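For the sequence shown, the numbering used here begins at 920 and goes up steadily by one. Just so it is clear, CB atoms sit at the ideal spot from N, CA and C, and this is done for glycine as well. Just so we're clear, the structure is a prediction, and the values are computed from it rather than from any experiment. Working notes, structure below.
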Amino acid sequence: MQKKSYADNKRYVKTSENQIEDSVLVCIKAFNKASPPYETKPLQVKYRKGTRVVAERPEGSTITRSIAHFKKVPFSSLVKPNNSAHRMANRTCQ
């Protein structure tokens, strides 16, 4: 256990806050600078095992990705309109 904690500290490992029934945005591959890094419609997390997440779109289709491709949506951002400066500052998609 001591080796694991040392490795986690050295690699700056963070625990994910995404839980089942959370609203998340999924990372998309950017075609150019003007394209958004995440999909605009939030998805619902339906299943999670380790780093694998199954999320459902509002239409009913599901996608399976690693937890690194999802970003939790705070409820306050669902109400406010998107600000392009704020969107460009948060481009951390891999």
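For residue i, does the three-state DSSP call read helix, strand or coil?
{"i": "F950", "result": "coil"}
{"i": "K965", "result": "strand"}
{"i": "Y925", "result": "helix"}
For the beta strand (DSSP E) holding residue i, just list the boundary residues, first then last.
{"i": "S985", "result": "T981 to S985"}
{"i": "R971", "result": "R971 to E975"}
{"i": "V945", "result": "S942 to V945"}
By Cβ distance below 7 Å, which residues in the same chain neighbour residue i in space, the five residues on each side in sequence not counted?
{"i": "E936", "result": "K991"}
{"i": "I986", "result": "S935, N937, T970 and V972"}
Who are the Cβ neighbours of residue i in its own chain at under 8 Å, not counting the five residues just before and after it?
{"i": "Y957", "result": "L944, V945, C946, I947, K990 and C1012"}
{"i": "R976", "result": "K960, L962 and I982"}
Which residue's Cα is closest to the Cα of residue i: the options?
{"i": "K968", "options": "S942, G979, D927 and R984", "result": "R984"}
{"i": "K965", "options": "P955, D941, K922 and K952", "result": "D941"}
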